[in-house]
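Here the structure comes first, spelled out in structure tokens, and everything after it is commentary.
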Amino acid sequence: MKQFRDRLHSSKGQILVMLALAIPLMLTMLGLALDGGRLYFERRHAQIAADAGARSAAFELLRGNNTQASVDEASATDAKLNGYDIADAEVDVVALIGPAGFDNNFVSVTVTDEVPTTLLNIFGKNASAVAARAVAGIVADTAPPCVLALD
Numbered sequence: 466m467k468q469f470r471d472r473l474h475s476s477k478g479q480i481l482v483m484l485a486l487a488i489p490l491m492l493t494m495l496g497l498a499l500d501g502g503r504l505y506f507e508r509r510h511a512q513i514a515a516d517a518g519a520r521s522a523a524f525e526l527l528r529g530n531n532t533q534a535s536v537d538e539a540s541a542t543d544a545k546l547n548g549y550d551i552a553d554a555e556v557d558v559v560a561l562i563g564p565a566g567f568d569n570n571f572v573s574v575t576v577t578d579e580v581p582t583t584l585l586n587i588f589g590k591n592a593s594a595v596a597a598r599a600v601a602g603i604v605a606d607t608a609p610p611c612v613l614a615l616d
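Numbering follows my numbering, with no gaps: position 128 of the sequence shown is 593.
Here it is as structure tokens:
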């Protein structure tokens, strides 16, 4: 009976149980770190594409091509140059003339993409949506010209 009681209160084998309980938690944390880092990277990349698309759409407005079709084409072309092709099923580039709070001299471009996950795929999270929005426009220059000369 004493041997049974000693085995019951023994600390042998506890590390195995603790490790078995900690491995899923460590994998989850690793998945959040790796996939979260990739999502931040892809979000920055999408923001660059949205900025470029909004800039090119604003140039179309400046040229007098203020139709939705010309703005859509300009923003989609620059988004494609930055890696976001609207032919892909996961990518969506939306340009809007005169977004809320702005007049028709401004254009808003939103780039949305589905980014596949790697380690979080184990837990059933196959993809995450990443979106970025940029607004650009033309404003009349009423300030006097400025010349800056250095050295």
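Glycine is no exception: its CB is placed at the ideal position from the N, C-alpha and C atoms.
CB-CB length for Asn569 against Asn530, believed under 8 Å: The sequence position of residue 569 within the sequence shown is 104, counting from 1. The sequence position of residue 530 within the sequence shown is 65, counting from 1. That pair is no contact at about 13 Å.
Which of helix, strand or coil does DSSP assign to Arg508? In the sequence shown, counting from the first residue as 1, residue 508 sits at position 43. In this structure, Arg508 counts as helix in the three-state DSSP scheme.
Would you decide whether Glu555 is buried or exposed? Buried here means 16 or more other CB atoms lie within 10 Å of its CB. Here the question's residue 555 lines up with position 90 in the sequence shown. Exposed: under 16 other Cβ atoms inside 10 Å.
With DSSP as the reference, identify every bridge partner of Ala596, one or two as the case may be. The count along the sequence shown starts at 1 and reaches residue 596 at position 131. Its beta-bridge partners are Thr577.
Where does the unbroken alpha helix (DSSP H) through Asp557 begin, and where does it stop? As a first step, residue 557 is located in the sequence shown; it is residue number 92 there, counting from the start. First-last for Asp557: Asp557 to Ile562, but that is the beta strand (DSSP E), not the alpha helix (DSSP H).
Under a three-way DSSP split, which group does Gly529 fall into? Start at 1 with the first residue of the sequence shown, and residue 529 comes out as number 64. The answer is coil: DSSP assigns Gly529 none of H, G, I, E or B.
For Arg563, I'd like the list of residues in its chain whose CB is within less than 6 Å of its CB, leaving aside the five on either flank, ordered along the chain. Your numbering for residue 563 matches position 98 in the sequence shown. It should be noted that the sequence gives Gly, not Arg, for residue 563. So the qualifying residues of the chain are Asn569.
Quick one: is Val558 buried, meaning 16 or more other Cβ sit within 10 Å of its Cβ, or exposed? One-based indexing of the sequence shown puts residue 558 at position 93. Burial call: buried.
So for Phe588, helix, strand or coil by DSSP? Against the sequence shown, residue 588 aligns to sequence position 123. Residue state, collapsed to three classes: helix.
Met491 to Asn586, Cα distance in whole Å? Within the sequence shown, numbered from 1, the residue matching residue 491 stands at position 26. Within the sequence shown, numbered from 1, the residue matching residue 586 stands at position 121. Using only the alpha carbons, I get a separation of about 15 Å.
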